[in-house]
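Participant: Quick note, the sequences are listed as chains A and B, same order. Per our numbering, the first sequence starts with residue 30, numbered consecutively. Per our numbering, the second sequence starts with residue 30, numbered consecutively. For every residue, glycine included, the Cβ atom is placed at its ideal position computed from N, Cα and C.
2 protein chains.
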Amino acid sequence: MNSAVASDLPRYPASVTVDLVIFTLREDDLHVLLIERGNEPYRGASALPGGYVRPRESLDGAALRELREETGLDGRALHLEQLGAYGDPGRDPRGRVITVAYLALGPDLPVPVAGTDAADAVWVPVRRALGPGFGLAFDHGAILADAVEKARERLEYTTVAVSFCREPFAISDLRRVYEVIWGIALDPSNFRRKVLKTAGFVEPTGERRAAEAGRPAALYRFGGARDLYPPLLRSGEVAGRTREAVPVGGA
Amino acid sequence: MNSAVASDLPRYPASVTVDLVIFTLREDDLHVLLIERGNEPYRGASALPGGYVRPRESLDGAALRELREETGLDGRALHLEQLGAYGDPGRDPRGRVITVAYLALGPDLPVPVAGTDAADAVWVPVRRALGPGFGLAFDHGAILADAVEKARERLEYTTVAVSFCREPFAISDLRRVYEVIWGIALDPSNFRRKVLKTAGFVEPTGERRAAEAGRPAALYRFGGARDLYPPLLRSGEVAGRTREAVPVGGA
DNA sequence: CCAAAAGTGTTTTTCCTACACCCATGC
DNA sequence: GCATGGGTGTAGGAAAAACACTTTTGG
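1) Pick helix, strand or coil for A4 of chain A, following the three-state DSSP scheme.
2) May I have the straight-line CA-CA distance separating G101 of chain A from Y41 of chain B, to the nearest angstrom?
3) Taking Y81 of chain A and D168 of chain A to be in contact with their CB atoms under 8 Å, please state how far apart those CB atoms are, rounded to whole angstroms.
4) Please state if the CB of T53 of chain B and the CB of F193 of chain B are separated by a distance shorter than 8 Å.
5) So the beta strand (DSSP E) V129 of chain A belongs to, where does it begin and stop?
6) Might you give, ordered along the chain, the residues of its own chain that have their beta carbon closer than 7 Å to the beta carbon of A76 of chain A, omitting 5 neighbours on each side?
7) Would a check of beta-carbon distances place D117 of chain A closer than 8 Å to chain B?
8) For A171 of chain A and I210 of chain A, what's the separation of their Cα atoms in angstroms?
9) Label A158 of chain A either buried or exposed according to how many other C-beta atoms from any shown protein chain fall within 10 Å of its C-beta, with 16 as the threshold for buried.
10) Assign R125 of chain A to one of two classes, buried (16 or more other C-beta atoms within 10 Å of its C-beta) or exposed (fewer than that).
11) Do A254 of chain B and T188 of chain B have their C-beta atoms closer together than 8 Å?
12) Given A240 of chain A, which residues of its chain have a CB within under 8 Å of its CB, disregarding the five upstream and five downstream residues?
13) Any beta carbon from chain A within less than 8 Å of S75 of chain B's own beta carbon?
14) Within 8 Å of any Cβ in chain A, is that where the Cβ of A239 of chain B sits?
15) Consider the Cβ of S32 of chain A: report whether some Cβ of chain B lies at a distance smaller than 8 Å.
16) Please tell me whether I200 of chain A has its Cβ less than 8 Å away from any Cβ of chain B.
17) Give me the Cα-Cα distance between G269 of chain A and P217 of chain B, rounded to the nearest whole angstrom.
18) S87 of chain B versus chain A: which residues are under 7 Å apart at the beta carbon?
19) Per DSSP, V61 of chain A forms a beta bridge with which residues?
20) Under 8 Å Cβ-Cβ, which residues of chain B neighbour S44 of chain A?
21) Using a beta-carbon distance cut-off of less than 9 Å, what residues from the stretch 80 to 110 of chain A approach chain B?
22) Thinking C-beta only, is P260 of chain B closer than 8 Å to E185 of chain B?
23) I'd like to confirm the pairing. Which residues does DSSP put opposite A43 of chain B in its beta bridges?
24) For a test of the three-state rule: what should DSSP assign to A199 of chain A, helix, strand or coil?
25) Are the CB atoms of L26 of chain B and P78 of chain B nearer to each other than 8 Å?
26) DSSP three-state label for G90 of chain A, please.
27) Taking L88 of chain A and L109 of chain A to be in contact with their CB atoms under 8 Å, please state how far apart those CB atoms are, rounded to whole angstroms.
28) Short of 6 Å in beta carbon distance, which residues of its chain neighbour F220 of chain B, apart from the five on each side in sequence? Order them along the chain.
29) Taking 8 Å as the CB-CB limit, is V177 of chain A close to chain B?
30) Quick check: the Cα distance between G135 of chain A and I51 of chain B, rounded to an integer number of angstroms?
31) With a threshold of 8 Å between beta carbons, is P139 of chain B in contact with chain A?
32) For the alpha helix (DSSP H) holding F251 of chain B, just list the boundary residues, first then last.
33) By the DSSP assignment, the alpha helix (DSSP H) with E178 of chain A in it spans what residues?
34) Express the C-alpha separation of I127 of chain A and V34 of chain B in angstroms, rounding to a whole number.
35) Would you say I172 of chain A reaches chain B, if we count a Cβ-Cβ gap shorter than 8 Å as a contact?
36) Identify whether P161 of chain A lies in helix, strand or coil by the three-state DSSP scheme.
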């Protein structure tokens, strides 16, 4: 009640964790890194990687550390942003645990290395992780669904799609990111024009890539721009070529 | 280090608070509700209203309760959404306190009533609260700056601007919301067309409002739509009529 | 009548969409 | 050659921007 003052000593002890939603593209499908829980509660169930925020650690710092521990990757190499805080009273049966969820996006990452914390971590197609009968631990299903929607939205207004591509990449690689995450097919020529016209989205390396089939593709690297202006809106879908979208409850 | 498992008992006790950034428009200026701290630390400094999340309370629930306590208003009447979590180790000298910030938007709200928790709460122009020499407590300056940027962004893609208008309102009232928060002048006729063309943004009441000057304005109420598609982008500024923007470090 | 704000109409420009077509490579 | 994906050209349309103009009120 004395909240307007908020100067009493800290009260109502709780634990604070970070949980990571690490997305990558594997075999033209959106995958999320999940670990299998070895202890109660939810023993044997899959969960998002995460852990406690340490006493002298910032939230971002804890997320970076967990990312390094789980994937062996430097967080500065991939896109990392806060999704939001989740703190429903019943979300952890052990007591009051608030978690701060982070969204991480990276190019086709290596299968987690044995010997690390992430020995039991696996890449799971998001479609399957959100499907019926999968049963993610805690409220991680809701967090994952929010993350998918956030990622879709970020593709519209920012250049984060390049985080999924290893440099150098072709325009079609970038297009595939949009198609897989949005679950729709895009017109290759219009997509290309849009990307090239947006200053700072990509810049040519001058190289080309040997073709599996067809003409070799010119290669690009990230151009440094963060925002997409004007945005690349989801509406521009090609009729009749709709991909299967990851089903998520309406935004 | 055992973070991949994350099944140990809760550790590293911390306190969790919610802080509210409550925005309203007063005299064609964006204002934020601030309280004066009566206790250490930061005694005498201004701070965002907020308080501890109680043991059996959700984060959203705590935000709604604080909002009611601070403003006497029902949170369902205004727009309320989570901004994010802030948890740098040094942000509260008393110990480990993580705060979850919320953004609340409402029409010109009454001056807080004496006798409540908010007796010492006042509306402060955001420009002044962020200006030099104001010195908000804790990291509330950073939270406020983030809130301003978030609000600006929300105006582009959603219909939240109506949250600042008391119904029924004129199109020009709505336009003023955009102009004040974005700090730019908009073309009245183009703005009008855009709003009326967007299905569900506003609907006519049939009434008109007596004019202070000029022709009486037709009145509208909210139309129920949440998203703006296509968005109302900030670029559409009228040259030469730039308003003073609230200065905030680049997005 | 004048000032001021509401509201309409119209032209220009910019961007998106659809789709036809050419290019470069492997087989 | 021909299949396959990369890449260019272009016509049509939707929407935003710029701005001239009309309407309705109070003085």
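Facilitator: So, to answer that:
1) Lying before the first or after the last residue shown, residue 4 of chain A is absent from chain A, which here runs from 30 to 280.
2) On the first sequence, position 72 is the one that residue 101 of chain A refers to. On the second sequence, position 12 is the one that residue 41 of chain B refers to. So the alpha carbons of these two residues sit roughly 25 Å apart.
3) Counting from 1 along the first sequence, the entry for residue 81 of chain A is found at position 52. Counting from 1 along the first sequence, the entry for residue 168 of chain A is found at position 139. Incorrect: roughly 17 Å between the Cβ atoms, too far for contact.
4) Taking the first residue of the second sequence as position 1, residue 193 of chain B is located at position 164. Taking the first residue of the second sequence as position 1, residue 53 of chain B is located at position 24. Note that the C-beta distance between F193 of chain B and T53 of chain B is below 8 Å.
5) Along the first sequence, one-based indexing puts residue 129 of chain A at 100. Per DSSP, the continuous beta strand (DSSP E) segment holding V129 of chain A begins and ends at 126 to 134.
6) Taking the first residue of the first sequence as position 1, residue 76 of chain A is located at position 47. If we look at A76 of chain A and ignore the five residues flanking it on each side, its Cβ neighbours are L63, I64, R66, L165, A166, F167, H169.
7) Looking up residue 117 of chain A in the first sequence gives position 88. Yes - at least one Cβ of chain B is within 8 Å of the one on D117 of chain A.
8) Counting from 1 along the first sequence, the entry for residue 171 of chain A is found at position 142. Counting from 1 along the first sequence, the entry for residue 210 of chain A is found at position 181. Their backbone Cα atoms lie some 18 Å apart in a straight line.
9) Taking the first sequence and counting its residues from 1, one reaches residue 158 of chain A at position 129. Buried, because 16 or more other Cβ atoms sit within 10 Å of the Cβ of A158 of chain A.
10) Taking the first sequence and counting its residues from 1, the one referred to as residue 125 of chain A is at position 96. Around the beta carbon of R125 of chain A, 16 or more other beta carbons sit within 10 angstroms, so the residue counts as buried.
11) Indexing the second sequence from 1 puts residue 254 of chain B at position 225. Indexing the second sequence from 1 puts residue 188 of chain B at position 159. Less than 8 Å divides the Cβ of A254 of chain B from the Cβ of T188 of chain B.
12) On the first sequence, position 211 is the one that residue 240 of chain A refers to. Apart from sequence neighbours up to five positions away, the residues of its chain that approach A240 of chain A with a beta-carbon distance below 8 Å are A246, ordered along the chain.
13) As a first step, residue 75 of chain B is located in the second sequence; it is residue number 46 there, counting from the start. Chain A contact via Cβ: absent.
14) Walking along the second sequence from the start, residue 239 of chain B turns up at place 210. Not an interface residue.
15) Indexing the first sequence from 1 puts residue 32 of chain A at position 3. Model confidence at S32 of chain A stands at a pLDDT of 43, short of 50, so the residue's coordinates are unreliable; what they give is reported in the following sentence. It does; some Cβ of chain B falls within 8 Å.
16) As a working note, residue 200 of chain A is residue 171 in the first sequence. With 8 Å as the cut-off, I200 of chain A does not count as an interface residue toward chain B.
17) To locate residue 269 of chain A, count along the first sequence from 1; it is residue 240. To locate residue 217 of chain B, count along the second sequence from 1; it is residue 188. Because G269 of chain A sits at a pLDDT of 46, beneath the cut-off of 50, its placement in the model cannot be relied upon, and the following sentence gives the value as read from the coordinates. G269 of chain A and P217 of chain B: Cα-Cα distance of roughly 40 Å.
18) For the purposes of this step, residue 87 of chain B is taken as the residue at position 58 of the second sequence. For S87 of chain B, the chain A residues whose Cβ falls inside 7 Å of its Cβ are G116, D117, P118, in order along the chain.
19) Position 32 of the first sequence, counted from the first residue, corresponds to residue 61 of chain A. Per DSSP, A:F52, A:V153.
20) Within the first sequence, the letter at position 15 stands for residue 44 of chain A. Here the neighbours are P39, R40, Y41, P42, A43.
21) Result list: G80, Y81, V82, R83, P84, R85, E86, S87, L88, D89, G90, A91, R94, E95, E98, E99.
22) Taking the first residue of the second sequence as position 1, residue 185 of chain B is located at position 156. Taking the first residue of the second sequence as position 1, residue 260 of chain B is located at position 231. P260 of chain B is positioned such that its CB atom lies closer than 8 Å to that of E185 of chain B.
23) Working through the second sequence from its first residue, we reach residue 43 of chain B at position 14. DSSP output for A43 of chain B lists A:A43 as bridge partner(s).
24) Residue mapping note: residue 199 of chain A aligns to position 170 of the first sequence, counting from 1. Of the three classes helix, strand and coil, the one that applies to A199 of chain A here is strand, per DSSP.
25) Nothing about residue 26 of chain B can be reported from this structure: the residues present for chain B run from 30 to 280 only.
26) Taking the first residue of the first sequence as 1, we reach residue 90 of chain A at position 61. Under the three-state reduction of DSSP output, G90 of chain A falls in the helix class.
27) What you label residue 88 of chain A is simply residue 59 of the first sequence in a count that begins at 1. What you label residue 109 of chain A is simply residue 80 of the first sequence in a count that begins at 1. The Cβ separation is near 11 Å, so there is no contact.
28) To locate residue 220 of chain B, count along the second sequence from 1; it is residue 191. Excluding positions up to five away in sequence, the list reads R204.
29) As a working note, residue 177 of chain A is residue 148 in the first sequence. Taking Cβ atoms only, chain B never reaches closer than 8 Å to V177 of chain A, which makes this a no.
30) Position 106 of the first sequence, counted from the start, is the residue given in the question as residue 135 of chain A. Position 22 of the second sequence, counted from the start, is the residue given in the question as residue 51 of chain B. Straight-line Cα distance between these residues: approximately 36 Å.
31) Locating residue 139 of chain B in the second sequence gives position 110, where the first residue counts as 1. No, P139 of chain B does not count as interfacial toward chain A.
32) Taking the first residue of the second sequence as 1, we reach residue 251 of chain B at position 222. Per DSSP, F251 of chain B lies in no alpha helix (DSSP H) segment; the continuous beta strand (DSSP E) that holds it begins and ends at 246 to 251.
33) The count along the first sequence starts at 1 and reaches residue 178 of chain A at position 149. That run of the alpha helix (DSSP H) goes 169 to 186.
34) Stepping through the second sequence from its first residue, residue 34 of chain B is reached at position 5. Stepping through the first sequence from its first residue, residue 127 of chain A is reached at position 98. In this prediction, V34 of chain B scores a pLDDT of 43, lower than 50, which makes its location untrustworthy; no coordinate-derived value is stated.
35) On the first sequence, residue 172 of chain A is found 143 positions in, with the first residue counted as 1. Interface with chain B (8 Å Cβ-Cβ cutoff): I172 of chain A is excluded.
36) As a position in the first sequence, residue 161 of chain A is number 132, starting the count at 1. P161 of chain A: coil per DSSP, three-state reduction.
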